[in-house]
Amino acid sequence: MSQTPAPPSGGRGGAQPPAPPPAHAGGAAAATEPTPPAAETAPAPGSAPAPRNPAKKVALLVLVLLVVLTGWYVLTDRHAPYTSRGTVSTYVTQITPRVGGQVEQVFVHDNQAVARGTPLFALDPRPFELAVHQAEAALAQATQGIDASSAGLAASQAEVVRTRAHLDNTRTATARTLALAGQQLVSRADADNARASLRTAQAQLEAAQAGLRSAELQLGSGGIDNPQIRSARLQLEQAQLNLLYATVEAPRDGRVTNLQLAVGQYAAPGSPALTFVDTGGAWVTADLRENQLGNIAPGDRVGILFDAVPGTIFQGQVHSIAGAIDPGRASAGGLLQNAPETRWFEPARRFPVRVELDPEQEWPSQVHAGAKVSVVVYTSGTDNPVAWIARGLHRAQSIASYLY
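Following our numbering, the numbering of the sequence shown begins with -13 at its first residue and continues without gaps.
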């Protein structure tokens, strides 16, 4: 009977080596291999990929959005410039009386809409009525003076006739006397008296003729062309005009505002009595940047949105572009001053562009002078993609204006 030899000793203490792992049922024992690191382990087929970093997507989306917005910004500045810095402008007139007087009646109230020719206020008419009566009396007096001058002229003419006839008689008598004196039939004294009478008659005729010229100059032209009559008539017309000016009327269709006039107050000629806003000639002043003006020309179509009329886009056109603005420089010593700019990028200046509504569109009554307006100018017409998008955005803004 044989014996199995004992395995050699693994050391001084006689420790045994580790036993091999047991074999799987039905097969040989599996060989042991070193396990690779976790980083080098390949994903199993069919497993989900590792999630990507979402910050990259956000950054890419922001970049694309910035590029699109920048492109849209450039396109609209050239083909559909937009501004919300628009203002309703109109003519504002300070109503001043042409004559001075005490206010007797005020026919309107503050912020009242009036039509052209509507009486606004009236001054006390009595001083002006007295002036009319005085002018009428002066005209009558001038007429009587002309009649008297005409009579004086007739008298002067008759005096000239009389003195001329007297001169003729004196000349004949003097000639006869001098002839007799030559025959020594009359004395030399008689001849001297005859010569003196002739000179006196000649002087009387000259005086009568001078009086006639004076009467003619005093009378002047006859009828309504007489200077005195014309002067009196002009004074009467001025007095009547002043009486008409005592009632101040609205110069055009508009609205009375800032009314601070009361009965009994003295209104001086040329001093403002109230403010009148002309509503018949309103327009829109749109402040556009310099880099938006490149393609704008008079006649371009414009979409107009009034904040006072939300949801409605009015149609108009460019009337003109301001030729100059005040850059905020003051003149000192003949030199222009330029204020230092503290910002890195100085913004473009804005130029007023005058926009008017189409003639067939009635100006909305709820829109007043100074109201805020947003406009879009279609420099390349309204039939292009940029104009379509700009018009759609403007329409959306008109709907949003209901909220703010």
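Each residue gets a CB set at the ideal place from its N, CA and C atoms; glycine is no exception.
To the nearest whole angstrom, what separates the beta carbons of Val118 and Leu220, a pair I think is in contact under 8 Å? With 8 Å as the limit, Val118 and Leu220 do not qualify as a contact, their Cβ atoms being about 13 Å apart.
Which same chain residues end up closer than 6 Å to Glu145 when comparing Cβ atoms and leaving out the 5 residues on each side of it in sequence? Ala194
Can you tell which of Arg335, Asn212, Asp293 has its C-alpha closest to the C-alpha of Ser136? Asn212
Under the three-state reduction of DSSP, which class applies to Gln91: helix, strand or coil? strand
Where does the unbroken beta strand (DSSP E) through Tyr364 begin, and where does it stop? 358 to 364
For Gln98, name the three-state secondary structure that DSSP assigns. coil
For Ala386 and Ala101, what's the separation of their Cα atoms in angstroms? 35 Å
Let me know the secondary structure DSSP gives His354 once reduced to three states. coil
Kindly identify the DSSP beta-bridge partner or partners of Ser75. Trp269
With distance defined between alpha-carbon atoms, name the residue in Thr62, Ala201, Pro40, Leu49 nearest to Gly280. Thr62
Check this for me: beta carbons of Ile472 and Ile307, under 9 Å apart or not? There is no way to answer for residue 472, as the model of the chain reaches only from -13 to 390.
Would a C-beta distance cut-off of 9 Å place Trp374 and Ala268 closer than the cut-off? no
Proximity of Ala121 and Thr233 at Cβ, strictly below 9 Å: no
Whole angstroms are fine: how far does the CA of Val295 sit from the CA of Tyr390? 12 Å
Backbone CA spacing between Val394 and Asp110 [nearest angstrom]: This structure leaves residue 394 out entirely; the chain is present only between -13 and 390.
First and last residue of the uninterrupted alpha helix (DSSP H) at Glu223: 213 to 231
Cα-Cα separation, Thr79 to Asp286: 30 Å
Return the chain-ordered list of same chain residues with a C-beta closer than 7 Å to the C-beta of Tyr77, the five sequence neighbours on each side being excluded. Asp264, Gly267
Please return the same chain residues whose Cβ sits closer than 6 Å to the Cβ of Asn75, not counting the five positions on each side in sequence. The question names Asn, but residue 75 is Ser in the sequence shown. Result list for Ser75: Trp269, Thr271, in chain order.
What separation, rounded to the nearest whole angstrom, lies between the Cα atoms of Gly356 and Pro237? 21 Å
Quick one: using the 10 Å Cβ neighbour count with 16 as the cut-off for buried, is Gly13 buried or exposed? Model confidence at Gly13 stands at a pLDDT of 43, short of 50, so the residue's coordinates are unreliable; what they give is reported in the following sentence. Flag for Gly13 reads exposed.
Report the option in Gly289, Gln143, Leu52 whose CA atom is closest to the CA atom of Val341. Gly289
Nonlocal neighbours in the same chain, by C-beta distance under 8 Å from Leu247, ignoring five residues either side: Val89, Val92, Phe107, Ala253, Ala259, Leu260
Just to confirm, are Leu274 and His380 a CB contact at a threshold of 9 Å? no
Opposing strand residues paired with Ala161 [DSSP bridges]: Note: Ala161 sits in no beta bridge, so no partner.
Give the range of the alpha helix (DSSP H) segment to which Arg64 is assigned. 40 to 65
What is the DSSP secondary structure of Phe114, reduced to helix, strand or coil? helix
Run through DSSP, which three-state label would Leu171 get? coil
By alpha-carbon positions, which one of Asn277, Lys358, Ser384, Asp344 ends up nearest to Ala334? Asn277
Which term fits Phe262, buried or exposed, when burial requires 16 or more other beta carbons within 10 angstroms of its beta carbon? buried
Residue from Gln352, Gln383, Asn370 with nearest C-alpha to Asn97: Gln352
Would you decide whether Phe114 is buried or exposed? Buried here means 16 or more other CB atoms lie within 10 Å of its CB. buried
Environment of Thr163 [buried if 16+ CB atoms lie within 10 Å]: buried
Could you name the residues of the same chain whose beta carbon sits closer than 8 Å to that of Ala175, not counting the 5 residues immediately before and after it, in chain order? none
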